[in-house]
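Asks: Dropping a structure here in structure tokens format, bear with me for questions.
Protein chains: 4
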Amino acid sequence: MSKRELHPTMSHPSETICSMCRLFYVNKWVLGTGGGIGIKQDHFAYISPSGIEKELMEPEQIIKYDIQTDTYESGAGGLKPSACTPLFLELFKALGASCVIHTHSINAVLCSAIYENEFNITDVEQIKAMPKGDGTNLRNVDTLRIPIIDNAPEEQDLMPALEKMTKEYPNACAVLVKRHGLFVWGPTPKKAKIYIESIDYLLEVALKLRQLGI
Amino acid sequence: MSKRELHPTMSHPSETICSMCRLFYVNKWVLGTGGGIGIKQDHFAYISPSGIEKELMEPEQIIKYDIQTDTYESGAGGLKPSACTPLFLELFKALGASCVIHTHSINAVLCSAIYENEFNITDVEQIKAMPKGDGTNLRNVDTLRIPIIDNAPEEQDLMPALEKMTKEYPNACAVLVKRHGLFVWGPTPKKAKIYIESIDYLLEVALKLRQLGI
Amino acid sequence: MSKRELHPTMSHPSETICSMCRLFYVNKWVLGTGGGIGIKQDHFAYISPSGIEKELMEPEQIIKYDIQTDTYESGAGGLKPSACTPLFLELFKALGASCVIHTHSINAVLCSAIYENEFNITDVEQIKAMPKGDGTNLRNVDTLRIPIIDNAPEEQDLMPALEKMTKEYPNACAVLVKRHGLFVWGPTPKKAKIYIESIDYLLEVALKLRQLGI
Amino acid sequence: MSKRELHPTMSHPSETICSMCRLFYVNKWVLGTGGGIGIKQDHFAYISPSGIEKELMEPEQIIKYDIQTDTYESGAGGLKPSACTPLFLELFKALGASCVIHTHSINAVLCSAIYENEFNITDVEQIKAMPKGDGTNLRNVDTLRIPIIDNAPEEQDLMPALEKMTKEYPNACAVLVKRHGLFVWGPTPKKAKIYIESIDYLLEVALKLRQLGI
């Protein structure tokens, strides 16, 4: 990978989306067209297209969505925006996020099936990478809480639960969807990448501690 | 990898087979010459050769099989077509597939040993990537069913069970072979790749849910 | 990767730190800005910066710390040295290390949670890669002992426990921090890399033997 | 990797050893200087050096050992041959191998700890990749048997057990060493690579079937 590719957060949003997706494909987070990324810049949202292998996307395939007029330019070849688009827009609006990453990570699917309404974990160093919501980060003795919402047949049907969640957890930077996957967001693509890597790590730690009987 | 390699489904069938195999080798799906791929184009079938390390194959080693005359041109160096060839041809003919992928994935071997005659899973989002058989995809609340057939000493001895399966499951896009591996097919190489990635993910989810006692 | 990148131990300390971090990122040892590396050369310590994705660091971002004057030059963009800096300096001074690697490896987090005050393992061949402390290596029938210290809210609060450890285990080349991660050191970057790879392998062997009931 | 690197078995033995080691490092088979490879060509044995990170080796570091005179040329920088050299030479002589691969694979360490004197497995398709010893391969209903010998403090102390093994299992192509690792050999580097990939896969299948209670 070129230096530009290695620094996804220094590039145009369409390039950032493509290079992050290639990276996340290796983690098996966005297999078989699953998952997606949205990045807000000014009044535009750049959104991965629907039905495309995420590791093969090219910047010209990314959808440019005009938030003010609620219209979009199709990606190369007439591609339509991800079914997650309403969820991305809600998270931009309600929580001030500028980047939302959605994966089908197996760790997320398993934790969403084990925990009831909320995943929580405390006393692991990596928690310090996570935001408290007031501009500072959590301490390693704090508890990271990630709400879990029920899955729905269509992505847009998750909207009511998501809107409820944004009110109950105004400082959340992630939500698990039952037996579906994970949405993580942040004020920049760099922050969102740090958060999702840290959360997936913490989900894996929780699962493995459980399997070891701790 | 060049852009051409990253877009295996845009290339000549022989190149598609080679780049997919390199990708699947990393997943440990086609180790030690195991596994194979067949792609139908017009009345030709392009088929990976027998006895060759799958991650090292070159396009000139791929066998060009003439379906009308039932003859083939050897691959470079006199290579013979995969022992799976009759199975690939049957799936092209009976189910209209244009690409068949065969792996020895460990997830497939384990699930074939645990489940009796059929692997099935429901209520996982990734199921939406799988075809229903009528041109639409399954919903996440539908049940994905993959028939399991017994293994046989030689690949061609799987034919009777495979023919029986194609009648009982006319909408299937995959079959597990007990303690052997997985065959997955689709109308295009792109679709077959999406299906096999999604199925292997779902097999892994099923195994891990089971280990967690869910 | 170029030959220079593949030989991290032949390069300038800043390059060594960057190429090791890229390598360790693939192992999921330094995700989401976690972890860090310090290398001592003459009276300078080269230290990875705080708050930067470890796999994306460039040599000009590495902090050059003057051990004699206790001052440092900021990395490009005004970066500050890792919060681990006092720990790195203590290990350079008290134990004569020239390279310290700190990871958040999940194997380390799990073993630190299972074992009480010390991780130990014997009768595994890879133990022969580990130093005895007298210039020779352990035998495979010797016991590798790695002390475990309690975690603390801030990295510098680990100092008293670390200083106590260096007195109780003067031949140690590693310490586990409870539910936090692993520090490993050696007389050269090459040795530190060999030690951390061997230790993480041995932690994984211990965990897997335990899960198999052995 | 260049095409030459991707075809390790088409190159000079020293290049084959280096490219295989880079490949096996990714599998965590040869971490922290562990493991090694020997290739026989005419009356010379090409052998990986001792104490070198296996993924960083260069062809000029490989030892050229003259089997007729029992002498060798040091590798670049005065490197000495692997401590496994007597074992490699014995397997060349007693069993007619031309390539021996030695890894510290965790699957091998775990299976060597679980099974008593012999690892065996039957009824898995990948067994068909393994040699029967008469020029043909095993059938998938045959049983693959891999003897297990006790570990010893020094590699050369494994010689008596290895010599005994070659008499009791004249058709073996592999031996497990308790809590140490795996030696696999074949008539060519290509065959040895196919065998070791298939064996490690079968060891993993056995471990996972056991964990699933099958």
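Heads up: the protein sequence lines correspond to chains A, B, C and D, in order.
Numbered by full-length UniProt numbering, the letters in the first sequence go through residues 1 to 214 in order.
Numbered by full-length UniProt numbering, the letters in the second sequence go through residues 1 to 214 in order.
Numbered by full-length UniProt numbering, the letters in the third sequence go through residues 1 to 214 in order.
Numbered by full-length UniProt numbering, the letters in the fourth sequence go through residues 1 to 214 in order.
For each residue, glycine too, the CB sits at the ideal point set by N, CA and C.
Compare the C-alpha of residue 45(C) against each of 146(C), 72(C), 59(C) and name the closest.
Replies: 72(C)
Asks: Span of the alpha helix (DSSP H) holding residue 124(D)?
Replies: Note, residue 124(D): premise wrong, no alpha helix (DSSP H); not H, not E.
Asks: Which of helix, strand or coil does DSSP assign to residue 27(C)?
Replies: Under the three-state reduction of DSSP, residue 27(C) is assigned to coil, being neither helix nor strand.
Asks: Expressed to the nearest angstrom, what Euclidean distance is found between the alpha-carbon atoms of residue 199(D) and residue 95(D)?
Replies: 18 Å
Asks: By Cβ distance, which residues of its chain are closer than 6 Å to residue 204(A), with the 5 residues on each side in sequence left out?
Replies: 107
Asks: From the DSSP output, read off the bridge partner residues of residue 41(B).
Replies: 44(B)
Asks: What does residue 129(A) touch in chain C if you count any residue whose Cβ is under 9 Å from its own?
Replies: 31, 32, 33, 34
Asks: Between residue 20(A) and residue 193(A), which are expected to be in contact by the criterion C-beta below 8 Å, what is the C-beta distance as a whole number of angstroms?
Replies: That pair is a contact at about 6 Å.
Asks: Scan the region 41 to 116 of chain A and note each continuous alpha helix (DSSP H) run of 4 residues or more that stays entirely inside, going in chain order.
Replies: 85 to 95, 106 to 114
Asks: On the DSSP letters alone, give me the boundaries of the alpha helix (DSSP H) that residue 160(B) sits inside.
Replies: Residue 160(B) -> alpha helix (DSSP H) spans 159 to 168.
Asks: For residue 133(D) and residue 49(C), I'd like the C-alpha separation in whole angstroms.
Replies: 57 Å
Asks: Would DSSP call residue 141(A) helix, strand or coil?
Replies: coil
Asks: Specify the secondary structure class of residue 153(B) as computed by DSSP and reduced to three states.
Replies: coil
Asks: Along chain A, which residues have their Cβ under 9 Å away from the Cβ of residue 214(B)?
Replies: 110, 113, 114
Asks: Would you tell me roughly how many angstroms separate the C-alpha atoms of residue 187(B) and residue 130(C), rounded to the nearest one?
Replies: 54 Å
Asks: Mapping the DSSP letters down to three states, classify residue 214(A) as helix, strand or coil.
Replies: coil
Asks: Are any of the Cβ atoms in chain D nearer than 8 Å to that of residue 140(C)?
Replies: yes
Asks: Look at the alpha carbon of residue 183(D) and the alpha carbon of residue 166(D), and state the distance between them as a whole number of angstroms.
Replies: 12 Å
Asks: Should residue 208(B) be flagged as near chain A, meaning a C-beta pair shorter than 8 Å?
Replies: yes
Asks: What would DSSP say about residue 174(D), mapped onto helix, strand or coil?
Replies: Residue 174(D): strand per DSSP, three-state reduction.
Asks: Cβ atoms of residue 212(B) and residue 114(A): under 8 Å apart, would you say?
Replies: yes
Asks: Can you list the residues of chain B that residue 227(A) reaches, using a CB-CB cut of under 9 Å?
Replies: This structure cannot settle anything about residue 227(A), because the visible part of chain A is limited to 1 through 214.
Asks: Using DSSP's beta-bridge definition, name the partner residues of residue 182(D).
Replies: 103(D), 176(D)
Asks: Can you pull the chain A neighbours of residue 25(B), defined as C-beta to C-beta under 9 Å?
Replies: Under the 9 Å cutoff, chain A gives no residues; its nearest Cβ is about 14 Å from residue 25(B).
Asks: If you compare alpha carbons, which of 68(A), 142(A), 156(A), 29(A) is closest to residue 86(A)?
Replies: 156(A)
Asks: Considering Cα atoms alone, identify which of 214(A), 206(A), 197(A), 81(A) is closest to residue 27(A).
Replies: 197(A)
Asks: Beta carbons nearer than 9 Å to chain A: which residues of the region 179 to 204 of chain B have them?
Replies: 190, 193, 194, 195, 196, 197, 198, 199, 200, 201, 204
Asks: Residue 189(C) by DSSP, collapsed to three states: which one?
Replies: helix
Asks: Strictly below 7 Å CB to CB, what residues from chain A border residue 153(C)?
Replies: 139, 140, 141
Asks: Check this for me: beta carbons of residue 61(C) and residue 89(C), under 8 Å apart or not?
Replies: no
Asks: Pop quiz: residue 189(A) and residue 99(A) are said to be a contact at Cβ under 8 Å. What is the actual Cβ separation, rounded to whole angstroms?
Replies: 4 Å
Asks: Which whole-angstrom value describes the C-beta separation of residue 120(B) and residue 151(A), a residue pair presumed to lie in contact below a C-beta threshold of 8 Å?
Replies: No, residue 120(B) and residue 151(A) are not in contact; Cβ-Cβ is about 18 Å, not under 8 Å.
Asks: For residue 122(A), which residues from the same chain have a beta carbon less than 6 Å from its beta carbon, with the 5 sequence-adjacent residues on both sides left out?
Replies: 143
Asks: For residue 146(B), which residues does DSSP report across the bridge?
Replies: Per DSSP, 119(B).
Asks: If we define contact as Cβ-Cβ less than 8 Å, is residue 104(A) a contact residue for chain B?
Replies: So, interface residue.
Asks: Output yes or no for whether 8 Å exceeds the beta carbon distance between residue 168(A) and residue 147(A).
Replies: Yes; because the gap between Cβ atoms is below 8 Å, this pair is in contact.
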